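Report on the structure given below.
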Amino acid sequence: MTVYGLLSVTLDQSIKTQGLQVNVPIERTEGESWSLSLAPSYDKVLTGFVAEYMPGLFKGIEDVGEGALPSFGILSFERMAHSDIGSSIDIFRELTRAIVRALTMEQVPETPNEAFALLAV
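Numbering-wise, the numbering used here comes out as the position in the sequence shown, counting from 1, plus 48.
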């Protein structure tokens, strides 16, 4: 089974906010075709934040938990790519969890195995 999802997120803590602000753009269209698809003849990949996958983003943030989330700042979801065949709410939940954990790591892993171990928690 093919699983596909791309997610880009930034964390800006240069502005002192009260709590953590999460920005997620939601688009009314399916999105535009993405030219960087890995298998363009097999799977249609689109860009854009469609409502179908938003529960995965929000559940991923909840999964990380308050203790691991930054206490202030602006967490902005900037880019998403998804496919007709391989994308799901679950893959975007997992991507969100991994990205938020990576953005908030206090210790930078020295090897790929250490990075996977920290993200899998």
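Quick reminder that beta carbons are idealized off the backbone N, C-alpha and C, glycines included. Keep in mind the model is a prediction, meaning the values are calculated, not measured.
The alpha carbon of Thr-152 has as its nearest neighbour, out of Met-128, Gly-113, Thr-50, Thr-159, the alpha carbon of Gly-113. A check of alpha carbon separations from Lys-107 across Ala-99, Val-70, Ile-122, Arg-141 identifies Arg-141 as the nearest. Asp-60 is bridged by DSSP to Ile-122. Remark: C-beta atoms of Gly-134 and Tyr-52 approach each other more closely than 7 Å.
Just so you know, the alpha carbons of Asp-132 and Ser-56 end up roughly 19 Å apart. By the CB criterion at 7 Å, Leu-68 and Leu-117 fall inside the cutoff.
The shortest C-alpha to C-alpha distance from Glu-78 to any of Gly-96, Thr-65, Ser-136 is the one to Gly-96.
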